[in-house]
Amino acid sequence: MSFKKSRMFKAAVCMLACLTIAFSSLSGYAVSISARGAFVLDSGTGEALFVHNADTAIPPASMTKIVSLYVIYSHLADGSLTKDTQIPVGRALAAYSRDPGYSNVYLTAGQTYSVDELLGAICVVSANAAVMAIGDYLCGSEAGFVAEMNSLISGWGVNGYFVDCTGVSSSNRISPRGMATVANRLITDYPDVLNYTSLTFLNFRGQTYYPTNKMLPGGAYEYDGTDGLKTGTTSAAGCCFTGTAVRNGKRLISVVMGESSTNMRYVDTIKIMDYSWDLLSQRTVEPAYTDNTEKDYIVATDLRCFINDWEIPTYIHYGNADNGYQDCAVVMINDLPDYGFDVSYDEASDTVTIVNNTDKDLTAGPNYGEQTWYDDMTKLQLSDWEPAKILLKNGVDDPGVYAEQTFDINGSGAISIDELWHMGTVVWNEKYNLTVVVTRY
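FYI, the numbering for the sequence shown is -30 to -1, 1 to 411, going by mature numbering (1 follows the signal peptide of the UniProt record, and there is no 0).
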């Protein structure tokens, strides 16, 4: 490693350390979490308040049931189901409900259960057999029910896919941002679900059950304003939690995924929720360009992004209804060669390959504070055609991964900053409107 590279790496590491200290000194805590991915959403405005590897689809375990619940409530809304509807249970499902390896309430073959009863079991106990019973009743099979789930999130532009309705399968996938989006839609469209997710105990056919959510009143991690939502745990997913809390009329939705323990999912949720409440309390003005009703567009921003210690022009992509109003910070692909990346295009496959080249000189220049691109707030309209495929490689021998959040602006490509996680470390500091990317060590 050359002296120049060593100096720049140390500077980048110092900046990462300073970010942690800044969180701690100004907010009273450090937002240092162990989750594989995390996200906090302002339910009312749709603003992302905390972002950590939020756009990678990973197993959600039983948080899958949030999507299942939306499908159930959509049937309640269209009249094809009522809370008094009696759901039959056969022998196979009854036997499954008594398998100690899965979360369940005991169901008895030949008996029927009201939708109201089963909703309580799903929301409080995370009962697998309960959601499967309703799915079978509505669609004739779990596969049919799952097809409705996938159609639902696809229509919202959510990054995810499901093969079962319970979350048992390790093949289920959804991103933390996507999970927050679905949870927000569920609560916003069908607030009745909170009457179940806020329960601190459930009486089910003579048996008392207590919620898996330990942030509810009386729980080990009781948190002010919490009224939901859903936990999830499998060996593939780790420990996950989608939470929601409301204070002074403001609702936040949090997601942590891939935690190492049950306790850590609550510890980290409290950290990122506390940070988000604190962030909102210090706001004096609303962020610009919050109207997402028109066609997707990209606009210059005062958000500062440093890649390998040098600042890069940064923009915000504001989504619309077609992609669930998902916003993200982006950089232009044409700028990346100055920041230690090789960029090439293969016309035959319509693929842009971005390679992290740790031996390449950085030529952008340490333009701290200049931000000349921010002087022009002109919106950059997205093209009507699909962007080229973007392959990200952490070195020439890396097979790479394909980026999912990419955009085309009249032939010029833009990519979400979060996508750069494959080639290094991405650290966000929402309070200081700053992100740091380190790809050379």
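Even for Gly, the Cβ is constructed at its ideal location relative to N, Cα and C. In this text the structure is predicted, and so the values were computed from the model without any measurement.
L77, DSSP secondary structure in three states: coil
What does the alpha-carbon distance come out to for the pair T203 and Y309? 39 angstroms
Tell me whether the beta-carbon of I324 lies closer than 9 angstroms to the beta-carbon of L362. yes
Residues sharing a beta bridge with P58, DSSP: T82
Determine whether the beta carbon atoms of residue 426 and T321 lie at a separation below 9 angstroms. In the structure as shown, the chain starts at -30 and stops at 411, and residue 426 therefore has no counterpart that could be examined.
Beta-carbon proximity list for S4, same chain, < 7 angstroms, skipping 5 on both sides: E229, S230, M234, D238
Simplified DSSP state of E229, which is helix, strand or coil: strand
How many Å lie between Q56 and I303 at the Cα? 56 angstroms
For W126, does the three-state DSSP call read helix, strand or coil? coil
Per DSSP, K220 forms a beta bridge with which residues? R217
Does the structure place the segment 115 to 131 close enough to the segment 88 to 100 that three or more beta carbon pairs sit under 8 angstroms? no
Please report how far the alpha carbon of P369 lies from the alpha carbon of H392, in whole angstroms. 11 angstroms
Per-residue DSSP class, three states only, for F(-8): Low confidence applies to F(-8): its pLDDT is 35, below 50, so where it sits in the model is not reliable enough to give any reading.
For L156, which three-state DSSP category applies? helix
Closest residue to Y72 among V216, L164, V225, T182 (Cα-Cα distance): T182
Looking at C-alpha atoms only, which residue of T328, A358, N278, N327 is the closest neighbour of E317? A358
Own chain, CB closer than 6 angstroms to residue 416, minus 5 neighbours either side, in chain order: Residue 416 falls outside the range modelled here, since the chain spans only -30 to 411, and no answer is possible.
Give the secondary structure of E389 by DSSP, where H, G and I count as helix, E and B as strand, and everything else as coil. helix
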